[in-house]
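All remarks here apply to the structure that follows.
2 protein chains.
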Amino acid sequence: MSTIIGETFQSLLGRLPVTSSDRLLLEMQRAIVEGELPAGSKISEPELARKFNVSRAPLREAMARLERCHLIERIPNAGARVVKLSAEGLQALYQIREELEGLACRLAAENMDEHEIEQLRALLDQHLKSQRVREGESYYQEAGDLDFHYRIILGSKNPYLINMLCDELYFLVRMYRVQLGMNGPRVSRAFDEHKAIINAIASRDGELADLLMRRHIAASRGNIELKLQQVGKQHD
Amino acid sequence: MSTIIGETFQSLLGRLPVTSSDRLLLEMQRAIVEGELPAGSKISEPELARKFNVSRAPLREAMARLERCHLIERIPNAGARVVKLSAEGLQALYQIREELEGLACRLAAENMDEHEIEQLRALLDQHLKSQRVREGESYYQEAGDLDFHYRIILGSKNPYLINMLCDELYFLVRMYRVQLGMNGPRVSRAFDEHKAIINAIASRDGELADLLMRRHIAASRGNIELKLQQVGKQHD
DNA sequence: ATTTGCAAAATTGTCGACAATTAGTTTGGT
DNA sequence: ACCAAACTAATTGTCGACAATTTTGCAAAT
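Listed in order, the protein sequences are those of chains H and L.
According to the UniProt record's numbering, the first sequence is numbered sequentially starting from 1.
According to the UniProt record's numbering, the second sequence is numbered sequentially starting from 1.
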């Protein structure tokens, strides 16, 4: 089974959710990513505070952190709205992902120790097995893919990079994937790409790992853009 | 005179500081960058709230945003401290800067319109004049350099990129520069590098602009690392 | 003298109420 | 009938106080 790092500590990298606003953050991140709080909808502080049985203080703290990961947008004295998904937003997001995750790969090739690389290989083997069992079902693959990316990012050992990708950008990435229902024939191809990236990291070839990761993400973007066009046409 | 974009809207890109926490944020960003709140020192909420004549609510909101731009670090139930500067932190920060500002250059070469490029040239001319007048005085050059970088980042037209660089990372960059007293013979060389970058952007050569910017930042990092080593030796 | 445990003090997290600002509605005028 | 201005209602920003947690200081035991 995939470890699904995203669900174990998410934005609270390394520490447990001790405070009310911690729990609120997790819950609201999930609700937004999964569309329970619809994209573009207004966030009413009194309403949500009642719903979650907390006062507005921890709620506002959680909202400040939601703004940090680009899941909501706030306007002073006017309120907050859940972000809207768009083709432009996706492109802007993935431009940065390509760059930063490419860097992460290069650094991971330098900084991951043998044990971590071995764990990464084991993770991929697990995914391969579970994927064969659940042919066509996309959730595990997607979670596994994110898990894979998470580990490489952590392997870079660059705290700013880790923070920016895992804490700030990845929730949006997940939101695009979940709400646009990423799936299709890319699933099996992604495995091969992951394998190639691990090999490059294991042989300490940062330049190659960088290149492969950029291509991997570019391919993923192409796949989602296709979906976005389809959705766009439905609304015409 | 340089426009010093950083002082006009900073983290509040585009809007005015309307609320108490907005003003607090600006004030504390300045205080931390300039070392008035010393690196590594603990932040006492009651004390600062008294000092600024506000309640803890807007102060905590400002602190949440300070954490976002990596100027303070918070531990739940334990408090917040101003970040410490270190050689490792600088390296990690500049690794990301190289990557993201390289991307910004590539996008700026695609997306800046002729008018914006013309303004950028005019800015550089201004810096050249003011530098000759104030030979050796580093502040204007440094502010000018940041201003130059700001404009290119904005020229990328990528909102996430703009947010990450201008809102999150640049305060730390400024903190390193201010507290380590960036100056020296690099000042005049930086001009030539800026000029070359503009030319690449003007001729719509994104790839070259990317490369030149990476080198420019790498050179800048080398300069600061030198300073850091000197400071380190003083403490031994 | 050092360490362990407890108690007191200080700090952070949370709450409910009030003030300031904005959005919506009604009313009056053209 | 339409637009504008004032008024009302709702929402956001801020405040002071309380609860929960952590740190500090002291005392006792090894």
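Positions of the beta carbon are idealized from the N, C-alpha and C atoms, including for glycine.
- Residues are counted here when their Cβ sits less than 8 angstroms from a Cβ of chain L; for the UniProt domain "HTH gntR-type" (18-85) of chain H these are V18, T19, D22, A57, R60, E61, A64, R65, R68, H70, P76, N77, given in chain order.
- Listed in chain order, the non-local C-beta contacts of L228(H) below 7 angstroms within the same chain comprise A87, L90, L180, local neighbours out to five positions each way being set aside.
- With respect to L85(L), M28(L) sits apart: the two C-beta atoms are not nearer than 8 angstroms.
- Contacts between A92(H) and chain L, judged by CB atoms closer than 8 angstroms, involve N158, P159, Y160, L161 in chain order.
- Residues of the stretch 208-229 of chain H with a C-beta less than 7 angstroms from any C-beta of chain L: none at all.
- In this structure, DSSP gives E98(H) a helical state, which the three-state scheme calls helix.
- With three or more CB-CB distances shorter than 8 angstroms, the stretch 147-156 of chain L counts as touching the stretch 96-103 of chain L.
- A residue is called buried when at least 16 other Cβ atoms come within 10 angstroms of its Cβ; R106(H) meets this threshold and is buried.
- For the 8 angstroms CB-CB criterion, L154(H) and R97(H) do not form a contact.
- For A190(H), the closest C-alpha among the options G79(H), S220(H), A92(H), S203(H) is that of S220(H).
- Chain L has a Cβ within less than 8 angstroms of the Cβ of I96(H).
- Taking a Cβ-Cβ cut-off of 8 angstroms, the neighbours of L103(H) in chain L comprise Q95, I96, E99, given in sequence order.
- The alpha-carbon of S130(H) is positioned some 16 angstroms away from that of H194(H).
- Residue contact with chain H for M164(L): present (Cβ-Cβ distance below 8 angstroms to some residue of chain H).
- When only Cα atoms are considered, G79(L) and I43(L) end up about 7 angstroms apart.
- Here the alpha carbons of A202(H) and E116(H) stand approximately 10 angstroms from one another.
- In this structure, R177(L) is the residue among S41(L), L211(L), R177(L), E207(L) with its C-alpha nearest to the C-alpha of E225(L).
- Residue nearest to P46(L) within the set S55(L), V82(L), G35(L), A39(L) is S55(L) (criterion: CA-CA distance).
- Scanning the UniProt domain "HTH gntR-type" (18-85) of chain H from its first residue to its last, the whole beta strand (DSSP E) runs of 3-plus residues come out as 72-75, 79-82.
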